[in-house]
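Notes for the one structure printed next.
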Amino acid sequence: MGYMLYQLAMNPDVQKKLTAEIDEVIQANNGQVTYETIKEMKYLNKVFDETLRMYSIVEPLQRKAVREYKVPGTDLTIEKDTIVLVSPRGIHYDEKYYDDPEVFNPERFDPEVAGNRHPCAYLPFGIGQRNCIGMRFGRLQSQLCITKLLSKFQVEPSKNTARNLEVEPHRGIIGPKGGIRLNVIPRKIKS
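The numbering used here puts the first residue of the sequence shown at 68, with every later residue one more than the last.
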């Protein structure tokens with residue numbers, strides 16, 4: 068959530084569009100925020116996915132080869148029982164899959180754009196049988212908190228906000244080096 072708030076603060080146009088969606092959906096549902104209302108918010112999902120593309124929280128993914136595998140077009144063979152490390156961050160920043168990967172762009176998760184990408188080009192929760200067991204819960208919890216927060220507040224960079232956020236790579240779950248400092252300001256909500 069911290070990374071998402073950071074990107075919203077640094078990209079006020081994205082925050083404005085997301086806030087408009089949140090306001091519209093909440094108003095249409097008599098002020099209620101439920102699982103169903105969260106699912107209605109298509110732009111929220113795009114912002115969430117783009118945040119996790121830029122800031123994978125687990126690096127690397129580990130898999131054990133269950134059989135020998137010859138890598139096509141090379142002389143390389145991965146022996147059975149070899150531990151294979153996969154870098155989601157490396158894939159998420161590969162220009163082969165994402166134009167301008169350093170730019171925060173939720174539109175890259177429009178269904179027609181995302182549908183043209185290789186299914187393994189987005190791995191924030193892993194893939195296959197051993198993907199993150201808490202994926203749905205974590206996603207819902209984060210989106211619910213962001214929705215509640217942005218329905219009442221906006222976020223802005225502070226004088227202490229890093230302009231180029233660095234990650235702390237030597238942790239089990241990757242986090243921002245030095246934390247994230249933002250201003251949280253009450254919104255002027257129209258009645």
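Idealized CB from N, CA, C, for every residue including glycine.
Under the three-state reduction of DSSP, which class applies to residue 101: helix, strand or coil? coil
So residue 64 packs on residue 224, CB below 8 Å; how close in whole Å? In the structure as shown, the chain begins at 68 and stops at 258. Residue 64 is therefore absent and cannot be evaluated.
What does a CB cutoff of less than 7 Å around residue 117 pick up in its chain, not counting 5 residues either side in sequence? 171, 172, 173, 175 and 176
If you check the beta carbons only, do residue 261 and residue 69 fall under 9 Å apart? Look at the range of the chain in this structure, 68 to 258, and you will see that residue 261 is not part of it.
Helix, strand or coil, according to DSSP, for residue 243 in the structure here? strand
Quick check: the segment 139 to 146 against the segment 118 to 128, are at least 3 beta-carbon pairs closer than 8 Å? no
List the residues that DSSP assigns as beta-bridge partners of residue 220. 253
Residue range of the beta strand (DSSP E) that includes residue 277: Residue 277 lies beyond the stretch modelled for the chain, which goes from 68 to 258, so this question has no answer here.
State the beta-bridge partners of residue 136 as determined by DSSP. 145
Would the beta-carbon of residue 100 fall within 9 Å of that of residue 228? Cβ distance not < 9 Å, so residue 100 and residue 228 don't count as in contact.
How is residue 79 classed by DSSP in three states: helix, strand or coil? helix
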